[in-house]
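S.K.: Residues 1 to 185 (full-length UniProt numbering) are what the sequence shown spells out, left to right.
The beta-carbon is built from N, C-alpha and C at its ideal position, and this holds for glycine as well.
The structure under discussion is supplied below as structure tokens; questions concerning it will follow.
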Amino acid sequence: YNTLPDDADQPDVAEAFIMGLRSLIKEFGVQNKFSLHLAHGHVKMARGMVMAGMPMDNLPGLWTHPTKANQLDLGALHGYVFGLGAGSRFHPYECRQGPPPPMTANDNDFIAAARKYLELNGLAGLIGVELLDQDTLGKHPKEFVLSDTDGTVMLPADEVNPTKTYRITGWNAVEGITDLKHGSD
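As structure tokens, then:
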């Protein structure tokens, strides 16, 4: 995780690549299960820590923060943001509470096609795949970086009153569905 660049250090992604990946999502009909994600980190963590997300009790959002790996019930977590790494394999770099959704043969075919597209277009270190949270589909999440110890909070756009600029860090095949990360003025 610590090797991931901050989103401000990642270049803009050409619209042609985003459209190509969106076409793959539509072709496989997985727009309610997968989206694209700008590969980036938020905080620097100590060894033995992982970014683990969980629903918040009092807000309709998700809190993702550095957590000691040895204090987590790994059977109750699943990867949700995956980067293409060594051996042409997707590796999770953020996790969420709960079991992973079942994968179908079609889902696996989509992952293989996305891997091929990313590799052929030199996007392996730039774009990853996100497993969508069914509770937040269509809510246009906005992400706020809190601190190295507190991690990030993602809230539905209609729950925030933004005063800062945002960078798009996620794309879906459904028009208008994007993840926005809090940036600077």
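1) For Asp6, which beta-bridge partners are listed by DSSP?
2) DSSP has Pro55 in a bridge; who is on the other side?
3) Can you tell me the Cα-Cα spacing of Pro5 and Thr104, whole angstroms?
4) Can you say whether His182 is buried or exposed, counting buried as having 16 or more other CB atoms within 10 angstroms of its CB?
5) Please report the distance separating the alpha-carbon of Ala16 from that of Ala39.
6) Which of the three DSSP states is assigned to Tyr93 in this structure?
7) Thinking C-alpha only, which one of Leu120, Leu62, Met19 is nearest Ala157?
8) By a C-beta neighbour count over all protein chains shown, 10 Å radius and 16 as the cutoff for buried, is His65 buried or exposed?
9) Does any residue of chain E have a CB that is nearer than 7 angstroms to the CB of Pro102?
10) So for Gly75, helix, strand or coil by DSSP?
11) On the CB-based measure, 16 or more other CB atoms within 10 Å of its CB, does Leu59 come out buried or exposed?
12) Assuming Ile127 and Leu120 are in contact, meaning their beta carbons sit under 8 angstroms apart, how far apart are those beta carbons, in whole angstroms?
13) Give the secondary structure of Leu118 by DSSP, where H, G and I count as helix, E and B as strand, and everything else as coil.
M.R.: If we stick to the structure as given:
1) Gly41
2) Leu62
3) For Pro5 and Thr104, the distance between alpha carbons rounds to 32 angstroms.
4) At His182 the pLDDT is 44, less than 50, meaning the model places this residue with poor confidence and gives no usable figure here.
5) 18 angstroms
6) Reduced to three states, the DSSP call for Tyr93 is strand.
7) Leu62
8) buried
9) Considering every chain present, this structure includes no chain E. It has just one protein chain.
10) helix
11) exposed
12) The beta-carbon separation of Ile127 and Leu120, rounded to 12 angstroms, does not stay under the 8 angstroms limit for a contact.
13) helix
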